[in-house]
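Undergrad: In this note's numbering, the protein residues as written are 69 to 167.
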Amino acid sequence: MVPLVHYRMNSFGLALLPFIIGIGFLFFDGKSITGWLLTLAGVAMILVGILMSLHIYFQPTSLFNTLAMLVLLFGGLGLVCRSLKASPKEADKPNAAQP
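1. Rounded to whole angstroms, what's the CA-CA distance from VAL148 to GLN127? Just pull it up for me.
2. Under the rule that 16 or more other beta-carbon atoms within 10 Å means buried, what is GLY146, buried or exposed?
3. At which residue ranges does the stretch 92-147 contain complete beta strand (DSSP E) runs of 3 or more residues, listed in the order of the chain?
4. Within the chosen definition, does the stretch 106-113 reach the stretch 78-92 through at least 3 CB pairs nearer than 8 Å?
5. Can you say whether THR107 is buried or exposed, counting buried as having 16 or more other CB atoms within 10 angstroms of its CB?
Okay, here's the thing in structure tokens:
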């Protein structure tokens with residue numbers, strides 16, 4: 069047996085198990101609470117596994133670049149939130165042709 073140096077276990081396949089079982093339950097019955105819980109738990113485990121394996125570091129940047137990134141980020145979020153807001157129906161809008 070050769071000792072493995074710097075070998076890391078990968079449990080990604082095990083995280084897929086509840087996801088696959090949940091999808092199976094949902095194909096059998098789309099309203100199955102057990103299926104939805106297993107599917108959501110599997111997706112959560114997969115996302116947590118991805119986030120835990122990331123290596124994030126920040127490089128120095130200029131103030132202009134930082135402000136440009138933040139303005140575009142929050143401007144885009146504002147546009148997305150505005151698009152999700154309910155708009156009034158045509159019948160509720162005042163008509164300019166009627167006095």
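C-beta: ideal position from N, C-alpha, C; glycine also.
If you're wondering where the values come from, they're calculated on a predicted model, not measured in any experiment.
TA: Walking through what the data contain:
1. Taking the first residue of the sequence shown as 1, we reach residue 148 at position 80. Taking the first residue of the sequence shown as 1, we reach residue 127 at position 59. Approximately 28 Å between the Cα atoms of the pair.
2. Start at 1 with the first residue of the sequence shown, and residue 146 comes out as number 78. Under this definition GLY146 is an exposed residue.
3. none
4. yes
5. Along the sequence shown, one-based indexing puts residue 107 at 39. Under this definition THR107 is a buried residue.
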